[in-house]
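Q: Chains as they are written, first to last, in the working numbering: chain A, 761 to 958; chain B, 269 to 798.
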Amino acid sequence: MKRRTLLQWLASTAASWPLMRADLSALDLATAQELQPDQIFVLHDVAATVLPSSIGRQGQDDAVGNFLKWLREYKEGVALSHGYGEPRLVKSGPSPRSGYLNQLSALQQAAQARGGRFGALPIDVRRELLEAAFKAADVRNLPGRPDGKHVVADLMAHYFRSSDANDLCYNARIGRNTYRAIRVTTVRPQPLNGGRGL
Amino acid sequence: MPVHESDICVIGGGITAVMLIERLAELKPNLKITAVEAGRSIFDRENRGTYHRRALEYGEHPWHDDYIEDQQAKGMISMTMAVGGQALHWGGACNRFSEEDLRLRSMYGLADDWPIDWTELEKFYVQAERRLNVAGDPSPYSEDRRSGPYPQAAMPLSYNLQVLKQWAEQSGLKFSPLPMSRNVSAPFDGRGACGLYDTCGDVCPTGARYSPDYTYQQLIAAKKITLHDRMLVRKLVLADGKDTIAAAHGYHQDRPNEMTEYRAKLFVLASGQCWSPHLLLLSANARFPNGIANRSGLVGRYMNGHKFISAQATIDEQTFPGQNMTHSLISREFFRCATNRPFVRHDTRVWESSAGKEPRLRSADGRLLLGDELLDDWRSRALKGSSVRLRAYYDSHPSADSRLTLDQTSKNRYGDPMPKIDRQLDAAAIAREGATLAHCTGVFERMAKASNGRLTGKPSVSNYWDHPAGGCRMGVDPAKSVCDSFGRTHDHENLWVIGAPTLPTGGCTNGTLTFVAVSMRSAVKISEVV
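#1: Examine chain B for any beta-carbon lying closer than 9 Å to the beta-carbon of V911/A, and answer yes or no.
#2: Measuring only between beta-carbons, confirm whether L915/A sits less than 9 Å from chain B.
#3: Would you mind telling me which residues of chain B sit closer than 8 Å to Y860/A, beta carbon to beta carbon, in chain order?
#4: When burial is assigned at 16 or more other CB atoms within 10 Å of the CB, is G280/B buried or exposed?
#5: With a cut-off of 8 Å on the beta carbons, I'd call G853/A and E833/A a contact; round off their distance for me.
#6: Just confirm the distance between the C-beta atoms of Q820/A and A808/A, as a whole number of angstroms; I'd bet it's less than 8 Å.
#7: Consult DSSP for W386/B and reduce its assignment to one of helix, strand or coil.
#8: Give a yes or no on whether 9 Å exceeds the smallest Cβ distance from N592/B to chain A.
#9: Quick one: residues in its chain with C-beta nearer than 7 Å to the C-beta of A892/A, no 5 flanking neighbours on either side, listed in chain order?
#10: Beta strand (DSSP E) containing I265/B: first to last residue?
#11: Of all the options L658/B, W646/B, C605/B, P610/B, which has the alpha carbon lying nearest to the alpha carbon of T616/B?
#12: Check distances from the C-beta atoms of the region 640 to 658 of chain B to those of chain A and list, in chain order, the residues that come in under 8 Å.
#13: Mind listing the chain A neighbours of H329/B? Cutoff is C-beta to C-beta under 7 Å, in chain order.
#14: Where does the unbroken alpha helix (DSSP H) through P524/B begin, and where does it stop?
#15: Please tell me whether F878/A has its Cβ less than 9 Å away from any Cβ of chain B.
#16: List, in order along the chain, the chain A residues whose C-beta lies closer than 8 Å to that of P627/B?
#17: Under a three-way DSSP split, which group does I577/B fall into?
#18: Within its chain, find whatever has a CB closer than 6 Å to the CB of I493/B; leave out the 5 residues flanking it on each side and keep chain order.
#19: Using the three-state DSSP reduction, which class does T673/B fall into: helix, strand or coil?
#20: Alpha carbon to alpha carbon, what distance is there between N937/A and R722/B?
#21: Between the Cα of K625/B and those of R933/A, H804/A, N926/A, spot the shortest distance and give me the residue it belongs to.
#22: Output needed for A355/B: all residues of its chain with C-beta closer than 8 Å, excluding positions within five of it in sequence on either side, in chain order.
#23: Is it buried or exposed, D497/B, if we count other Cβ atoms within 10 angstroms and call 16 or more buried?
#24: Name the DSSP beta bridge partners of H517/B, please?
#25: Tell me M448/B's beta-bridge partners as DSSP assigns them.
#26: If we cut at 9 Å on Cβ distances, does S730/B have a partner in chain A?
#27: So with Cβ pairs under 9 Å, would you call L767/A a contact of chain B?
#28: By the 9 Å beta-carbon criterion, what residues does the region 943 to 954 of chain A contribute toward chain B?
#29: Buried or exposed: which applies to R671/B, given that a residue is buried once 16 or more other Cβ atoms fall within 10 Å of its Cβ?
#30: Answer yes or no: does any C-beta atom of chain A fall closer than 9 Å to that of V351/B?
#31: Specify, as a first and last residue, the run of the beta strand (DSSP E) that W619/B falls within.
#32: Express the C-alpha separation of Y482/B and H758/B in angstroms, rounding to a whole number.
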């Protein structure tokens with residue numbers, strides 16, 4: 761799809777969904793190589809339900825963008841950590857992209873069958889739809905990192921297992937696994953700006 | 269057939285090999301030293317920031333192709349086979365053994381004494397700590413006397429570890445920051461300063477945690493060694509009519525049908541506790557039908573290391589998981605055991621932890637948690653006290669039947685049987701297993717009592733032995749050991765084994781510093797005789 765055609769299509773689609781939050785400017789068009797635009801919209805829409813409201817709309821869109829970057833940079837057939845103690849050679853599996861495509865389409869269809877856009881449905885219906893989707897994908901727990909079972913669980917894992925989410929949970933500038941000066945860690949971590957979210 | 273001649277041929281490319289070579293090059297600058305390593309060189313330090321990120325995000329192994337698929341051992345705890353060895357991704361823990369480790373027989377009537385005097389070994393610990401730029405504080409226990417200071421003050425304790433130290437010391441045990449081979453505040457020896465990425469055990473983006481590949485590159489640049497990587501040595505060959513080693517036969521991964529012969533005045537086997545005894549056994553010949561250096565029959569026996577007991581506790585104090593999860597506290601309280609009491613020796617370690625306080629998809633009653641609900645649930649657990657990780661490495665004495673053998677059911681591309689390691693405790697160690705677990709559980713419970721703490725679940729015993737060693741034990745009596753205290757084999761005057769394989773017992777704390785210290789001692793003796 762040409763860029764101009766894509767933009768026209770996105771604009772018309774967004775216009776047909778009056779409550780759609782994700783604006784076109786927030787979309788990273790490069791991610792269209794990974795998921796179809798309507799599916800990216802669905803992902804942004806679902807993010808509002810499954811990610812914390814306290815990070816705001818921009819934060820949720822950023823989380824989706826980061827997740828799509830993760831998907832875009834996924835490499836197949838790469839040796840994973842061998843482990844220690846009882847090592848074994850395991851390689852990364854196929855890209856979860858095609859599974860994600862199907863799951864987002866299915867979620868979109870299921871939402872339409874229940875009355876419209878996912879994000880516009882009552883929370884109990886949204887929960888019901890996700891319960892069914894997770895059950896079908898055998899998602900029981902929050903994955904340690906995205907594992908390809910279900911796109912929504914993977915989006916949640918990608919955010920909630922992040923250093924940013926850890927900081928949000930503790931309302932503290934911990935910065936797990938990021939570059940830090942040692943002296944910063946020797947004192948009680950500073951609260952996030954304004955104690956956001958608490 | 270390609271032939272390479274040198275004064276010293278070092279077989280193996282791990283941390284003990286490079287430390288030995290570096291020291292030899294200082295003691296005898298004109299020595300021609302060749303190092304031969306089966307794995308590849310991974311000298312791409314500029315990419316380690318990327319590898320760090322991908323390891324976190326995708327679980328990818330940060331040391332690409334650091335293994336040889338058909339060169340693996342049953343019972344080995346790491347697949348890594350590369351220049352730098354397992355120390356490419358060690359945590360950097362650099363705690364010493366204690367004098368008791370060297371005198372188990374004479375003090376307790378257990379296992380065996382080492383043929384080294386502690387006072388002498390202690391000086392080599394100091395040398396090893398300098399080379400590894402260890403950051404540590406003096407032990408609060410007077411028995412842990414040192415003849416020289418640590419090259420750096422200890423890694424500063426994070427806020428979390430300060431809280432945990434205060435908590436843990438209410439038990440009466442004294443804790444210190446774990447000594448670590450990390451450039452704390454300034455670059456050292458071509459490696460950067462610590463940026464607290466907290467992934468020491470996977471990959472260090474700055475090189476702050478010691479990694480042997482840096483030293484290899486320095487030695488190569490200074491033309492102190494010739495490194496042949498991807499070259500698997502499959503056999504040691506005797507000189508005609510003599511018991512000396514004439515050559516080592518290697519095969520390059522890209523030329524599996526072409527033998528390369530390494531001739532040297534002196535051979536050093538530095539391939540670790542698995543591949544050192546394996547090569548000796550593989551090299552059996554008519555005069556040594558049980559393997560090179562194996563008149564005693566002890567090559568591949570007394571495989572050791574230490575088992576460990578792990579536990580989790582919860583306490584009331586609030587910590588913030590993620591500050592510095594690879595740093596820890598250590599107590600050496602139980603390195604010593606009174607001779608009139610039941611024998612138990614172990615270290616005691618404390619880490620920050622997020623166990624039980626991770627985000628979860630479902631509440632305790634199974635309800636799917638979404639968005640704010642998930643965050644609220646997470647906070648309700650995370651902000652209610654802290655988790656603490658506890659562990660004790662305990663003295664685990666091997667029997668003679670704790671063995672590495674040649675596994676005829678598993679062979680590499682050349683048809684060589686691969687090693688199979690089956691570690692076994694000796695009878696006395698088996699008899700005290702229950703008491704050891706009870707003792708360590710008691711110590712953990714005593715610690716947990718402070719601050720309204722409690723253990724979550726029962727402490728568990730490991731299913732593998734960490735810091736594996738042994739297989740070519742050192743000793744005075746050629747009938748009861750493979751090599752002398754310097755690693756010189758009793759059967760072949762120009763064949764030496766260094767590092768982990770030579771240890772009679774595996775101690776009760778991390779082993780790498782000790783592997784390096786005994787290798788530094790070997791270097792001095794080798795320089796005198798070569």
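C-beta: ideal position from N, C-alpha, C; glycine also. Here the structure is a predicted model, which means the values were calculated and not measured.
A: Per the coordinate set shown:
#1: Closer than 9 Å: no.
#2: False, the Cβ-Cβ gap to chain B never drops below 9 Å.
#3: Those within 8 Å of Y860/A in chain B number zero; the least Cβ separation is about 16 Å.
#4: buried
#5: Incorrect: roughly 15 Å between the Cβ atoms, too far for contact.
#6: That pair is a contact at about 6 Å.
#7: helix
#8: Cβ-Cβ to chain A under 9 Å: yes for N592/B.
#9: none
#10: There is no way to answer for residue 265/B, as the model of chain B reaches only from 269 to 798.
#11: L658/B
#12: D640, L642, L643, W646, R647, A650, L651
#13: A839, L840, S841, H842
#14: In the DSSP annotation of this structure, P524/B is not part of any alpha helix (DSSP H); the continuous beta strand (DSSP E) holding it starts and ends at 523 to 537.
#15: With 9 Å as the cut-off, F878/A does not count as an interface residue toward chain B.
#16: L902, F920, R921, A925, C929
#17: strand
#18: Answer for I493/B: I289, I301, A303, L487, listed in chain order.
#19: strand
#20: 29 Å
#21: Looking at the Cα atoms, N926/A is the closest of the given residues.
#22: Counting only Cβ-Cβ distances below 8 Å, and skipping sequence neighbours, we find G282, I283, Y478, S479, P480, T780.
#23: buried
#24: K503/B, E529/B
#25: By DSSP's assignment, M448/B forms a beta bridge with A361/B, A403/B.
#26: yes
#27: The predicted model places L767/A with a pLDDT of 40, which falls under 50 and marks its position as unreliable; any figure quoted below should be read in that light. Not closer than 9 Å to any Cβ of chain B, the Cβ of L767/A fails to qualify, so no.
#28: For the region 943 to 954 of chain A, the set of residues with a beta-carbon nearer than 9 Å to any beta-carbon of chain B comprises R943, V944, T945, T946, V947, R948, P949, in chain order.
#29: buried
#30: no
#31: Note, W619/B: beta strand (DSSP E), 616 to 621.
#32: 34 Å
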